[in-house]
DNA sequence: AAGTGGTCTAGACCACTTA
DNA sequence: AAGTGGTCTAGACCACTTG
């Protein structure tokens, strides 16, 4: 089990600080040579470290050492940049697309509206210290947010909801699972198709307990850990 | 990108119900033949489906179609068998080991006790419909649970805490991240070293807000999704 | 232009599971 | 005993990134 030994060797170098967060690893061919093995086997080790969240890959660019993950509390409403700031990180959001369109099957079922109902769909890409880490897609019920597309998306959606429509997030139902990145989502995150990822789905309620929107968040899985405190019911 | 096409082909067969949950896939060599490719490429497709949680692997036994994941709410105290039952699944727990020992570094830091303090360590393996899905390790502060090892571990720990010591779980701090299975943990789960996994770490408090124990749960990542509702603070 | 990562081939041997 | 999965080798070509 050569690939386990190689994995441990690289792992130790990371833990020892010889390979710092954000650093690029040497070329695969060079690494393979220095471990006296082939690229195939080396890549097995690297994939393992990717699964563990110690390394990440940028498509065609190489392998990098993962920074400390962002601690993400789904029960917090604080917007993304603020959450990052509290943890000493720099965050930035880019608008990919915002439009009115028929709800996808998944979105319709979450929002409990008939399939193909019109909803707003807002796609955004979020960066942590200039690394793209999550693609967020919101499906928003137009009923509560007339003329949403005319608004500016420079501030957070939470802020927009509150200041323009008096809607306040008050409850969220979330779901976390693991998946893999495909197609455009992968491209936005500079990931190779099939990279492991974390999917956070949220269904959000306003202060009157109405469902107002839902969102799908595809995270580079090494970039976050979900962390929260819960009072136990019963 | 042959491996993506193969992945989609298999994926469709699963969605169409041609490959039912729990079914074993044909041998890798046969699959490779039928897709006119090599085992290496085929295995790339299979690994992708594993990352997505549609397939899982049992070490040296082959590839299987994943059943529906268990919905796991960390804010619930209900014990594991009951949680499973509510979702129409059959659960079972096996005791691997229970002993008094010096706290590991990770456990000591979570429990906020000096390194190498004596704590109880209880390792258990949990099955869902006779498939091993999670290895749970509890680190328990002896202070609140004198003579714990003399008790029977046939019922749940929650029940034991309540009935024998009057200790009631009232708050939990949890953390979810992705990782990979190694060593004994992998073996218990019948997994190949390096299989993707989900790690749930919990720090538990009693009714007086004392930390009483912590636990590390290594899940077959296709076997659960974390699902919860949260009232938003502020 | 050179080098790199992404993808793929066509084998091989071994230890283990299964019939 | 046969077949299977786990692991590994030694190449190859292409498209893309980088200097």
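Protein chains in written order, with our numbering: chain E, 7 to 240; chain G, 7 to 240. Glycine is no exception: its CB is placed at the ideal position from the N, C-alpha and C atoms. It should be emphasised that the depicted structure is a prediction, and the values quoted were computed from it without experimental measurement.
For the putative contact between residue 191 of chain E and residue 58 of chain G, defined by C-beta atoms under 8 Å, what is the C-beta separation to the nearest angstrom? Numbered from its first residue, the first chain carries residue 191 of chain E at position 185. Numbered from its first residue, the second chain carries residue 58 of chain G at position 52. No, residue 191 of chain E and residue 58 of chain G are not in contact; Cβ-Cβ is about 13 Å, not under 8 Å.
I'd like to know if the stretch 132-144 of chain E and the stretch 214-228 of chain E are in contact, where contact means that at least 3 CB-CB pairs between them fall below 8 Å. Between the stretch 132-144 of chain E and the stretch 214-228 of chain E, the count of C-beta pairs closer than 8 Å reaches three or more; the two stretches touch.
Proximal residues of chain E, C-beta to C-beta of residue 157 of chain G below 8 Å: On the second chain, residue 157 of chain G is found 151 positions in, with the first residue counted as 1. What residue 157 of chain G touches in chain E: nothing, since even the nearest Cβ is about 22 Å away.
Could you check how far apart the C-beta atoms of residue 148 of chain E and residue 125 of chain E are, in whole angstroms? I think they sit under 8 Å. By 1-based counting over the first chain, the position of residue 148 of chain E is 142. By 1-based counting over the first chain, the position of residue 125 of chain E is 119. 6 Å between Cβ atoms; contact.
Three-state secondary structure assigned by DSSP to residue 7 of chain G: Working through the second chain from its first residue, we reach residue 7 of chain G at position 1. If DSSP states are grouped into helix, strand and coil, residue 7 of chain G belongs with coil.
Can you tell me whether residue 21 of chain E is buried or exposed, with buried defined as 16 or more other CB within 10 angstroms of its CB? The residue labelled residue 21 of chain E in the question sits at position 15 within the first chain. Exposed, since its Cβ has fewer than 16 Cβ neighbours within 10 Å.
CA nearest to the CA of residue 119 of chain E, picked from E:131, E:218, E:96 and E:64: In the first chain, the residue the question calls residue 119 of chain E occupies position 113. Residue 119 of chain E has its Cα closest to that of E:218, out of E:131, E:218, E:96 and E:64.
What distance in whole Å lies between the Cβ atoms of residue 238 of chain G and residue 81 of chain E, which are believed to be in contact at a cut-off of 8 Å? For the purposes of this step, residue 81 of chain E is taken as the residue at position 75 of the first chain. For the purposes of this step, residue 238 of chain G is taken as the residue at position 232 of the second chain. So it is a contact: roughly 6 Å between Cβ atoms.
Using the Cα positions of residue 106 of chain E and residue 161 of chain E, report the straight-line distance between them to the nearest angstrom. Here residue 106 of chain E refers to the residue found at position 100 when the first chain is read from its first residue. Here residue 161 of chain E refers to the residue found at position 155 when the first chain is read from its first residue. Their backbone Cα atoms lie some 20 Å apart in a straight line.
Using a Cβ-Cβ distance under 8 Å, would residue 186 of chain G count as near chain E? Residue 186 of chain G sits at position 180 when you count from the first residue of the second chain. Yes, because at least one Cβ of chain E sits closer than 8 Å to the Cβ of residue 186 of chain G.
Below 7 Å between beta carbons is the criterion; list the residues of the stretch 164-187 of chain E that meet it against any residue of chain G, in chain order. Within the stretch 164-187 of chain E, the qualifying residues are 175, 176, 177, 178, 179, 180, 181, 182, 183, 184, 185 and 186.
List, in order along the chain, the chain G residues whose C-beta lies closer than 7 Å to that of residue 227 of chain E? By 1-based counting over the first chain, the position of residue 227 of chain E is 221. The contacting residues are 184.
Count the other CB atoms within 10 Å of the CB of residue 206 of chain E; is the residue buried (16 or more) or exposed (fewer)? The count along the first chain starts at 1 and reaches residue 206 of chain E at position 200. So residue 206 of chain E counts as buried.
Same chain only: Cβ atoms within 8 Å of residue 93 of chain E, ignoring 5 sequence neighbours per side: Sequence index remark: in the first chain, residue 93 of chain E carries index 87 (1-based). The beta carbon of residue 93 of chain E sits closer than 8 Å to those of 76 and 77, all from its chain and outside the five residues before and after it, given in chain order.
What's the C-alpha gap between residue 209 of chain E and residue 36 of chain G? Position 203 of the first chain, counting from 1, holds the residue named residue 209 of chain E. Position 30 of the second chain, counting from 1, holds the residue named residue 36 of chain G. Rounded to the nearest angstrom, the two C-alpha atoms are 43 Å apart.
Could you have a look at residue 109 of chain E and say whether DSSP puts it in helix, strand or coil? Position 103 of the first chain, counting from 1, holds the residue named residue 109 of chain E. Three-state result, residue 109 of chain E: coil.
Buried or exposed for residue 178 of chain E, going by 16 or more other Cβ atoms inside 10 Å? The count along the first chain starts at 1 and reaches residue 178 of chain E at position 172. Label assigned to residue 178 of chain E: buried.
Quick check on this structure: which residue in E:176, E:180 and E:64 has the alpha carbon closest to the alpha carbon of residue 196 of chain E? Reading the first chain from its first residue, position 190 is the one you call residue 196 of chain E. Looking only at E:176, E:180 and E:64, the smallest Cα-Cα distance to residue 196 of chain E is reached by E:64.
Assuming the contact rule is C-beta atoms closer than 8 Å, residue 247 of chain G and residue 174 of chain G should be a hit. Round their C-beta distance to whole Å, please. Limits of chain G in this structure are 7 at one end and 240 at the other, which puts residue 247 of chain G out of reach.
Mind checking if residue 61 of chain G is an interface residue toward chain E, Cβ cutoff 8 Å exclusive? For the purposes of this step, residue 61 of chain G is identified with residue 55 of the second chain, where counting begins at 1. Contact of residue 61 of chain G with chain E is not assigned, every C-beta pair being separated by 8 Å or more.
Mapping DSSP to helix, strand and coil, what is residue 36 of chain G? Taking the second chain and counting its residues from 1, one reaches residue 36 of chain G at position 30. Three-state result, residue 36 of chain G: helix.
DSSP state of residue 221 of chain G mapped onto helix, strand, coil: Within the second chain, residue 221 of chain G is the residue found at index 215, counting from 1. When DSSP states are grouped into helix, strand and coil, residue 221 of chain G belongs to the strand group.
I need the boundaries of the alpha helix (DSSP H) containing residue 91 of chain G, first residue and last residue. Stepping through the second chain from its first residue, residue 91 of chain G is reached at position 85. Where residue 91 of chain G is concerned, the enclosing alpha helix (DSSP H) stretches over 86-92.
Alpha-carbon spacing of residue 56 of chain E relative to residue 43 of chain E, whole angstroms: In the first chain, counting from the first residue as 1, residue 56 of chain E sits at position 50. In the first chain, counting from the first residue as 1, residue 43 of chain E sits at position 37. C-alpha of residue 56 of chain E to C-alpha of residue 43 of chain E: approximately 19 Å in a straight line.
Exposed or buried, what is residue 60 of chain E when buried is set at 16 or more other beta-carbons lying within 10 Å of its beta-carbon? Here residue 60 of chain E corresponds to residue number 54 of the first chain, with the count starting at 1. That one is buried.
Closer than 8 Å at the beta carbon, the chain G residues around residue 128 of chain E: The residue labelled residue 128 of chain E in the question sits at position 122 within the first chain. Within chain G, no residue comes near residue 128 of chain E; the closest Cβ sits about 20 Å away, beyond 8 Å.
If we cut at 8 Å on Cβ distances, does residue 142 of chain G have a partner in chain E? Your numbering for residue 142 of chain G matches position 136 in the second chain. No, residue 142 of chain G does not count as interfacial toward chain E.
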